[in-house]
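In this note's numbering, the protein residues as written are 1 to 105. Just so you know, even glycine gets a beta-carbon here, dropped at the ideal spot from N, CA and C. Quick caveat: nothing in here was measured; it's all calculated off a predicted structure. As structure tokens, the structure follows; a few thoughts come after it.
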Amino acid sequence: QEDWGAVSRLLELVRLEDELGCGLRLMCELAQDDDPQTQEELSILNLVEPWSAVRPGEGLLPSGALGEYVGAAVIGRGGEDCAANYNACPMNATDIMNNVMKMLP
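Right, dumping it as structure tokens:
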């Protein structure tokens, strides 16, 4: 996968700035949401889509931040409680996306 390196580096940078793990909670909640998503939400999910077919115990997740974000998507798709899994983040996906949208040009 030629995009693996670029996506991995991007997610490593996000992880460095995301002390509360809100990016992981966002990925988890977006993955469990069956409602139609915005283009921005779909773009976030598409960062890990090529790797998210892995299920816990069925294969190796990618290493580093990419693996953490793929894991968050897998947890969300599995219907687990994202707020409980990423309880350091005080915001839900709606709040996080509202903040993200304020930062976009």
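Measuring straight from C-alpha to C-alpha, what distance separates residue i and residue j?
i      : j      : result
Arg15  : Ala65  : 7 Å
Glu68  : Val74  : 10 Å
Glu12  : Val70  : 13 Å
Glu40  : Met101 : 9 Å
Met103 : Leu24  : 18 Å
Measuring alpha carbon to alpha carbon, tell me which residue in the options is nearest residue i.
i     : options                       : result
Asp18 : Met97, Leu104, Asp95, Cys89   : Cys89
Gly21 : Asn87, Ile44, Met97, Met101   : Asn87
Leu26 : Met103, Leu104, Ala83, Pro105 : Ala83
Glu80 : Arg9, Glu29, Leu10, Asp34     : Glu29
Arg9  : Asn85, Thr38, Asp35, Ser63    : Ser63
Ile96 : Arg77, Ile44, Asn85, Gly78    : Ile44
Consult DSSP for residue i and reduce its assignment to one of helix, strand or coil.
i      : result
Ser8   : helix
Gln39  : helix
Leu47  : coil
Met91  : coil
Leu104 : coil
Glu19  : coil
Glu29  : helix
Under 8 Å by Cβ, that's how I've got residue i and residue j pegged, so tell me the actual separation to the nearest angstrom.
i     : j    : result
Leu42 : Val7 : 15 Å between Cβ atoms; not a contact.
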